[in-house]
Every structure is written in structure tokens, then in C-alpha cells.
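So the structure is just underneath, and the comments pick up after that.
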Amino acid sequence: MPYNDEHMSYTNTFIQVAADCPVETGVVPPMKKEGKTAHRIQFELLSQYPYKFTQGELIYEVHLQHKQIPEAERELRGSEIREELFAKNHPCLRASMLPKKHGWGVHYNEEGKIAIYPMESEAYQQFVEAGTHQADGPKLLYAMRSSRG
């Protein structure tokens, strides 16, 4: 089945940090000895390029960077790489470590483009307020909890 971004992404939605998020402010995901984690790449892309990526575009770009796929191979096999990647299901950003453990709210605008906001920021609070009190405010969801119980 070919990949279709619309079936995977939210629009006008704000994902709040998980109820069991262990931090009180947004923190940058740490590096690993062997390089950047997928969550670190997600963080860098979303903080450097707010509202540039849809969820599908973000998954694809994180995959390319995480697997360190060279530019030449991307140009030659781009659609094949994308097809292989999206032959499998991918979790939405509610399952990402950004809102689960690192304290970042995730906003999807009307076009499904994504930006992140630290939980202590005024913008984060404004999304929550708008989602709570305004009919046209964003749909509010929580990130998935890390632990059960």
C-alpha cells in the first residue's frame, strides 16, 4: 500500500507532555557515543524548522539522517527508500520521547505541519488554554505514558 501522509498525521492538534513526564522544562535529548538518536534528530529538525514537516516528511527525514543515507543514494533511490520505510507502520509523535520524557509539546497546524514548544513556555500554555476554552482551538491530546499503572 503506498504511503499517504494524510492518514498518519493530525491537524489542529496539540500533544501535551505525558502525565508521567520526568522533567519540568523542555530539555534537549542527549547525544549517544555512536551519534545522534532518532529523538535528537527529531528535536533538531523541529526546533530548527518549525512547521516545515508533516509527520510523514519528518519520519522520512529522521530515517535518512539516522541511517546516514548519503545524498547520492537518496537521489537514486529516494522513492524506493520511502516505499520501504512506509511499508511498515510508524508510531505518531504521541509516542515520541520529546513529549514523553523530554518536556516538549507538539503542535500540528491546520496543514499537519509540526512545531515543538517547551512545556514551560508561554506558547505551550496558550495552546492548552485555546484547546480547553475555544471551540476552534486545537484538539488536546496527551503523549503516551512511559509506565503503566
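So my numbering is basically just the index in the sequence shown, starting at one, shifted up by 1203. Ideal Cβ positions, reconstructed from N, Cα and C, are used throughout, including at glycine. Since the model is a prediction, treat every value here as computed from it, not as a measurement.
Using beta-carbon positions only, say whether residue i and residue j come within less than 8 Å of one another.
| i | j | result |
| --- | --- | --- |
| F1217 | G1308 | yes |
| K1303 | M1347 | yes |
| P1232 | M1300 | yes |
| L1288 | Y1263 | yes |
| A1318 | L1248 | no |
| L1344 | R1297 | yes |
| N1215 | E1325 | no |
Pull up the CB-CB distance for residue i and residue j, whole angstroms please, since I reckon it's below 8 Å.
| i | j | result |
| --- | --- | --- |
| T1257 | G1315 | 5 Å |
| H1310 | P1341 | 7 Å |
Check whether the Cβ of residue i lies closer than 8 Å to any Cβ atom in chain D.
| i | result |
| --- | --- |
| A1222 | Going by chain labels, chain D is absent from the structure shown, which holds only one protein chain. |
Looking only at its chain, what residues have a beta carbon closer than 8 Å to the beta carbon of residue i, apart from the 5 residues adjacent to it on each side?
| i | result |
| --- | --- |
| D1208 | Note that D1208 has pLDDT 48, beneath the 50 cutoff, so the model's placement of it is unreliable and the number below is only indicative. Excluding positions up to five away in sequence, the list reads T1257, Q1258, G1259, E1260 and G1315. |
| G1306 | V1220, C1224, V1226, E1227, T1228, G1229, V1230, P1321, M1322 and E1323 |
| R1277 | L1267 and I1284 |
| G1281 | none |
Could you name the residues of the same chain whose beta carbon sits closer than 6 Å to that of residue i, not counting the 5 residues immediately before and after it, in chain order?
| i | result |
| --- | --- |
| Y1327 | G1308 and Y1320 |
| H1293 | I1262 |
| E1286 | none |
Taking 7 Å as the limit between beta carbons, can you name the residues of its chain near residue i, skipping five residues before and five after?
| i | result |
| --- | --- |
| A1241 | V1265 and H1269 |
| I1244 | V1265, Q1268 and H1269 |
| S1212 | T1257, Q1258, G1259, Y1311 and G1315 |
| A1222 | Y1345 and R1348 |
Taking only runs of the alpha helix (DSSP H) that begin and end inside the region 1231-1260, which ones reach a length of at least 4 residues, in chain order?
If you keep only unbroken alpha helix (DSSP H) runs of at least 4 residues inside the region 1231-1260, you get 1241-1251.
Kindly provide the ranges of any beta strand (DSSP E) runs that are 3 or more residues long and lie completely inside the region 1250-1333, ordered along the chain.
As far as the region 1250-1333 is concerned, its whole beta strand (DSSP E) runs of at least 3 residues are 1307-1311 and 1317-1321.
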